[in-house]
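S.K.:
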Amino acid sequence: MKRAIIIGASSGIGRELAVILSQNDYVVGLAARRAHLLEELKILVPGPAFIKEMDVSEQTNAMRLLTDFIEELGGLDLIVIGAGIGFINPDLNWEEEKQTIDVNVSGFVAMANVAFHHFEQVGKGHLVGLSSIAAIRGGREAPAYNASKAFMSNYLEGLRNRATKADLPIVVTDIQPGFVDTEMAKGEGLFWVAPPQKAAWQIYKAIQRNAKHCYITKRWRFIGWLLRVLPASLYAKL
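Residue numbers (the working numbering): 2 to 239.
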């Protein structure tokens, strides 16, 4: 059986993806802050599962815990880094901006660093990062969130290029969801809101085909294209 770790498995997309992976012959490592939700999920998944309580905003400790977790599983074939946070923050409250950076930037890099080093050592692996459609352009209502997701997508591309340069079969997948019905879906005017089960299934299919990039759900490809071509003068008025 292949071994997968999902960072941010306690709810939303991470929880649903853990179930799908377990149904498809993966030993799953479930990691998140809320241990009681991981215990519930461990009972729910049909296959072998291990849990690890961790807070990615405490990067040094989280890196040590992830290293230990990989050893507990006897290695690692796939990691999905889905832990994230976001605020609608029109007042630019510093604590909310800082929390976003601590989790979505520093926490993400800490987890990716451990996983990618492991994949380099064993000569293969698959790293998946859950970024966002928000990575494409800046956002006045949530500037730190949009910027953090842009950082994540850019960092994933850098790791992919590193693996290519080294001629290593390490797959790096950038997942950019639109609106999904989770705790992260905030604000007014939400549309095309996908159930987390549907989002997780499409992510699983992207993992299966070793995709470099995938919009979730598929219809968000149009929004992604539109955001990229829209002139800044028009985008600023939206």
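Backbone N, C-alpha and C fix where the C-beta goes; we use that ideal spot for every residue, glycine too. Note that the coordinates shown come from a computational prediction; the quantities given were computed from them, not determined experimentally.
(1) Roughly how many angstroms separate the alpha carbons of H118 and M153, rounded to a whole number?
(2) With 16 other CB atoms within 10 Å as the buried threshold, where does P170 fall?
(3) Anyone know if the C-beta pair for A145 and E98 falls short of 7 Å?
(4) Rounded to the nearest angstrom, what separates R161 and M64 at their Cα positions?
(5) Cα-Cα, which of S11, T218, E41 and Y27 is closest to G85?
(6) In the stretch 144-205, which residue ranges form an unbroken alpha helix (DSSP H) of at least 4 residues, counting only runs that do not cross its ends?
(7) Are the beta-carbon atoms belonging to S133 and Q198 less than 7 Å from one another?
(8) Could you tell me the alpha carbon to alpha carbon distance between V106 and L93, rounded to whole angstroms?
(9) Beta-carbon separation of G83 and I14 under 7 Å?
(10) Could you give the distance in angstroms between the alpha-carbon of A212 and the alpha-carbon of V173?
(11) Reducing DSSP to helix, strand and coil, say where R4 ends up.
(12) Scan the stretch 61-106 and note each continuous beta strand (DSSP E) run of 3 residues or more that stays entirely inside, going in chain order.
(13) Have a look at I102 and S149 and give me their C-alpha separation to the nearest angstrom.
M.R.: Put simply:
(1) 17 Å
(2) exposed
(3) yes
(4) 21 Å
(5) S11
(6) 144-166
(7) no
(8) 18 Å
(9) yes
(10) 8 Å
(11) strand
(12) 79-82
(13) 6 Å
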